[in-house]
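Just so we're aligned: the sequence shown equals residues 265 to 625 in the working numbering. For each residue, glycine too, the CB sits at the ideal point set by N, CA and C. Owing to the predicted nature of the structure, the values given are computational and were not obtained by experimental measurement.
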Amino acid sequence: MVAGSTPSTSNPELWDGDILWITPKDLSGFKGVEINDTAKKITRAGYESCSTHLLPAGAVLLSTRAPIGYLAIAGKPLCTNQGFKSFVCKEELNNRYLFYYLKSIVPQLQAEGSGTTFSELSKQRVSEIEIPLSPLETQRKIVSKLDAFFAEYNAAKKQHELAKKRSEKIMQAAISKLITNAAGTWPETKLGSLISLNYGKGLTSVARSGGRVPVYGSNGIVGQHNSALVNQDTIIVGRKGTVGALHYAPFESWPIDTTYYVSVTQGIHLDLRFLYYALKQYDLLGMDTSSAVPGLNRNDVYALDFKLPPLTEQMRIVSELDAIASQISSLTDRQSRVGRAIGILPSAILRKAFSGELVAE
Numbered sequence: 265m266v267a268g269s270t271p272s273t274s275n276p277e278l279w280d281g282d283i284l285w286i287t288p289k290d291l292s293g294f295k296g297v298e299i300n301d302t303a304k305k306i307t308r309a310g311y312e313s314c315s316t317h318l319l320p321a322g323a324v325l326l327s328t329r330a331p332i333g334y335l336a337i338a339g340k341p342l343c344t345n346q347g348f349k350s351f352v353c354k355e356e357l358n359n360r361y362l363f364y365y366l367k368s369i370v371p372q373l374q375a376e377g378s379g380t381t382f383s384e385l386s387k388q389r390v391s392e393i394e395i396p397l398s399p400l401e402t403q404r405k406i407v408s409k410l411d412a413f414f415a416e417y418n419a420a421k422k423q424h425e426l427a428k429k430r431s432e433k434i435m436q437a438a439i440s441k442l443i444t445n446a447a448g449t450w451p452e453t454k455l456g457s458l459i460s461l462n463y464g465k466g467l468t469s470v471a472r473s474g475g476r477v478p479v480y481g482s483n484g485i486v487g488q489h490n491s492a493l494v495n496q497d498t499i500i501v502g503r504k505g506t507v508g509a510l511h512y513a514p515f516e517s518w519p520i521d522t523t524y525y526v527s528v529t530q531g532i533h534l535d536l537r538f539l540y541y542a543l544k545q546y547d548l549l550g551m552d553t554s555s556a557v558p559g560l561n562r563n564d565v566y567a568l569d570f571k572l573p574p575l576t577e578q579m580r581i582v583s584e585l586d587a588i589a590s591q592i593s594s595l596t597d598r599q600s601r602v603g604r605a606i607g608i609l610p611s612a613i614l615r616k617a618f619s620g621e622l623v624a625e
């Protein structure tokens with residue numbers, strides 16, 4: 265087992281060399297097994313200035329702090345920072361077998377972390393990890409089956425994500441056809457003359473009673489309450505956080521203070537469902553005006569040009585778009601169920617692999 269270290273960051277001569285130097289951040293979002301490049305590299309002087317070690321290709325890397333549980337195999341010789349404990353396997357241990365075994369116990373390792381600033385696994389605890397050491401040929405068979413499984417699993421996940429994106433594109437194409445492309449002869453006005461964006465009202469999670477009224481944040485429903493802030497259908501717009509996100513609330517609701525909710529100007533013939541679909545044409549996220557916490561200025565929304573068809577035309581368009589949305593909703597519900605089923609497969613197959621159920625010894 266090998267630990268890592270960090271050269272002084274105040275000395276530029278120790279950095280931007282040709283020695284790969286990995287931190288847990290390099291593995292954030294990493295979905296593969298072998299890692300062949302790092303965001304930062306150190307010089308020979310940097311390597312010699314600290315207690316890091318040059319690991320050979322094939323070494324198994326386990327992050328043991330910030331966070332615990334990132335895993336990879338070195339595709340090339342590299343060094344690590346102090347966020348890793350790494351393993352150079354002897355002949356009787358297949359490195360991919362070790363990789364998969366560690367992957368199977370990540371939740372356990374995370375639960376055993378300790379520390380006041382951030383959770384960390386000690387060198388002592390890592391050295392005490394017990395490995396079910398099957399014969400080398402059995403290890404290879406297990407690795408072969410797991411490699412094949414994860415190749416299929418990753419392909420299935422990719423297809424699942426593509427299906428979700430296709431559903432979103434279908435809806436956008438329908439809106440474009442029925443609203444954007446048809447709007448040429450409709451009278452144009454400023455959106456601010458048609459609607460008001462009203463501030464939501466704070467309601468802490470502790471204060472929510474768990475009633476039948478949905479509580480909306482900028483990212484959607486965040487809880488339930490026993491009374492409503494808005495007593496009719498409305499559109500909820502993300503003001504802080506998920507800026508510009510749109511949610512149609514068909515009945516009474518409580519939008520919290522990270523949102524706006526829409527009310528139509530008196531005397532204006534504007535169907536809220538039509539407005540909900542029409543607003544999806546605009547890049548409300550791109551109207552974020554805050555440099556710190558993302559935020560949407562309602563005056564910028566009011567200044568948008570908006571083409572308003574007759575009410576009968578609005579209702580016809582809404583009927584068509586609602587039908588398409590219903591079909592897409594059924595599809596995405598099925599996709600979500602498939603996604604949840606896919607998500608539990610890795611832990612199940614890893615349990616079988618290291619309990620002797622996947623390959624007979």
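Check                                                                                                                                                                                            : Outcome
With burial defined as no fewer than 16 other Cβ atoms inside 10 Å of the residue's Cβ, what is the status of glycine 296: buried or exposed?                                                    : exposed
What first and last residue would you give for the beta strand (DSSP E) that runs through threonine 302?                                                                                         : Per DSSP, threonine 302 belongs to no beta strand (DSSP E) and is neither H nor E.
Entirely within the segment 344 to 407 and at least 4 residues each: give me those alpha helix (DSSP H) ranges in chain order.                                                                   : 359 to 368, 370 to 375, 387 to 391
Is leucine 366 closer than 7 Å to leucine 326 when the C-beta atoms are compared?                                                                                                                : yes
Taking Cβ positions, are glycine 236 and isoleucine 299 nearer each other than 7 Å?                                                                                                              : In the structure as shown, the chain begins at 265 and stops at 625. Residue 236 is therefore absent and cannot be evaluated.
Quick one: give me the first and last residue of the beta strand (DSSP E) that tyrosine 546 is part of.                                                                                          : Per DSSP, tyrosine 546 belongs to no beta strand (DSSP E) and is neither H nor E.
Note down the Cα distance separating valine 501 from alanine 330, rounded to an integer number of angstroms.                                                                                     : 35 Å
Cα separation between glycine 466 and arginine 472?                                                                                                                                              : 10 Å
Less than 7 Å between the C-beta atoms of valine 623 and threonine 270, yes or no?                                                                                                               : no
What distance in whole Å lies between the Cβ atoms of leucine 319 and valine 352, which are believed to be in contact at a cut-off of 8 Å?                                                       : 7 Å
With a threshold of 7 Å between beta carbons, is alanine 509 in contact with chain C?                                                                                                            : Checking the listed chains, one finds no chain C in this structure; it contains a single protein chain.
Which same chain residues end up closer than 8 Å to threonine 596 when comparing Cβ atoms and leaving out the 5 residues on each side of it in sequence?                                         : Lys428, Ser431
Could you have a look at asparagine 418 and say whether DSSP puts it in helix, strand or coil?                                                                                                   : helix
Identify, in the order they occur along the chain, each residue of the same chain with its Cβ nearer than 7 Å to the Cβ of alanine 447, setting aside the five sequence neighbours on each side. : Lys571
I want to check one thing, is the minimum distance from the CB of glycine 347 to the heavy atoms of the ligand ATP below 6 Å?                                                                    : Ligands are entirely absent from the displayed structure, and the ligand ATP is therefore not among its contents.
Which residue spans inside the segment 507 to 541 form an unbroken beta strand (DSSP E) run of at least 3?                                                                                       : 510 to 513, 523 to 528
Which word fits serine 391, buried or exposed, when buried means at least 16 other C-beta atoms lie within 10 angstroms of its C-beta?                                                           : exposed
Taking the CB atoms as reference points, tell me whether proline 573 and tryptophan 450 lie closer together than 7 Å.                                                                            : yes
In the DSSP output, which residue or residues are listed as bridge partners for serine 469?                                                                                                      : Answer by DSSP bridge pairing: none, since serine 469 is not bridged.
So the beta strand (DSSP E) asparagine 462 belongs to, where does it begin and stop?                                                                                                             : 459 to 463
Can you name the start and end residues of the beta strand (DSSP E) that aspartate 552 belongs to?                                                                                               : No beta strand (DSSP E) contains aspartate 552, which DSSP labels as neither H nor E.
Take leucine 549 as the anchor and find which of Arg562, Leu539, Arg537, Leu410 has the nearest alpha-carbon.                                                                                    : Arg562
Identify the residues that DSSP records as bridge partners of proline 478: which are they?                                                                                                       : Gln488
Should glutamine 578 be labelled buried (16 or more other beta-carbon atoms within 10 Å of its own) or exposed?                                                                                  : buried
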